[in-house]
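**Q**
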Amino acid sequence: MKKQTLEQKIIAATFICAMTDTNIGIRTKAQLMHPITEFTDEEVRLEAANFLGSVHTAKLKALPLQDREQILKEQAERLDFVL
Numbered sequence: 003m004k005k006q007t008l009e010q011k012i013i014a015a016t017f018i019c020a021m022t023d024t025n026i027g028i029r030t031k032a033q034l035m036h037p038i039t040e041f042t043d044e045e046v047r048l049e050a051a052n053f054l055g056s057v058h059t060a061k062l063k064a065l066p067l068q069d070r071e072q073i074l075k076e077q078a079e080r081l082d083f084v085l
């Protein structure tokens, strides 16, 4: 398999986090894990979560402080509504 682009890895990681293990094909797992060729389903799921976390963290650093605070405010409002 050739080297994957950032977009391909993000798509694979998002799909992996959204689906159950039985619905994830080896090609999708391999896209995320490239260049590693031997891995367990647990390693794939952990890498998907870690990878998406790092992507989102990098994107958030580019946002102004007031936008980051707004995200937290909106989450708090959702959680208050649920409780």
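Residue numbers (this note's numbering): 3 to 85.
Just so it is clear, CB atoms sit at the ideal spot from N, CA and C, and this is done for glycine as well.
1) Looking at C19: is its Cβ nearer than 8 Å to the Cβ of A60?
2) Which residue marks the beginning of the alpha helix (DSSP H) containing T59, and which one marks its end?
3) Rounded to whole angstroms, what's the CA-CA distance from L54 to L81? Just pull it up for me.
4) Would you mind giving the Cβ-Cβ distance between V46 and K31, rounded to the nearest angstrom? I have them listed as a contact below 8 Å.
5) If you draw a straight line from the alpha carbon of M35 to that of E44, how long is it in whole angstroms?
6) If Q33 sits next to K11, beta carbons under 8 Å apart, how far is it from one beta carbon to the other, in whole angstroms?
**A** Considering the structure as presented:
1) no
2) D43 to K63
3) 22 Å
4) 5 Å
5) 12 Å
6) 7 Å
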